[in-house]
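Residue numbers (the working numbering): 411 to 539. To start, the structure under review is shown below, and the notes come after it.
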């Protein structure tokens, strides 16, 4: 039992999964070391070292920063991923995207700018002189 509890609080970041169920509204920022699934609504920013899944009824109004993101629902705000952003056919994103790789299914809606960077590059912007 002690091993399971410690994994839930960050020692085993790959094994923790956080679920925000449909009908749940969270106002505030979320910071997680593991994976997150949102089927409810988040008004605030989210940062996760794992994968973020936004279900078809999920809504986020705020900045999103995660390693991998799969969207079937709605995001309004800046979206940054170091690896893959997968937009399913039911997804809608209103905001700027920065992604290592982008996958867009027919029917997905996107309004904003998109910058693609290799997954191995760091998140620093190009130096301007």
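Glycine residues also receive a C-beta, built at the ideal position from the N, C-alpha and C atoms.
Item, Value
"Give the secondary structure of residue 395 by DSSP, where H, G and I count as helix, E and B as strand, and everything else as coil.", "Nothing can be reported for residue 395: it is not among the residues displayed for the chain, which extend from 411 to 539."
"By Cβ distance below 8 angstroms, which residues in the same chain neighbour residue 513 in space, the five residues on each side in sequence not counted?", "494, 495, 496 and 497"
"Hey, residue 503 and residue 481: beta-carbon distance below 8 angstroms or not?", "yes"
"Please report how far the alpha carbon of residue 464 lies from the alpha carbon of residue 522, in whole angstroms.", "19 angstroms"
"Rank 444, 428, 431 and 520 by C-alpha distance to the C-alpha of residue 508 and give the top, closest one.", "520"
"How far does the beta strand (DSSP E) with residue 518 in it reach, from first residue to last?", "Run containing residue 518: none; DSSP gives neither H nor E here."
"I think residue 471 touches residue 487, with their Cβ atoms under 8 angstroms apart; what is that distance to the nearest whole Å?", "6 angstroms"
"Which same chain residues, not among the five before or five after residue 432, have their C-beta less than 7 angstroms away from its C-beta?", "449, 450 and 467"
"Classify residue 458 as buried or exposed, calling it buried when 16 or more other Cβ atoms lie within 10 Å of its own Cβ.", "buried"
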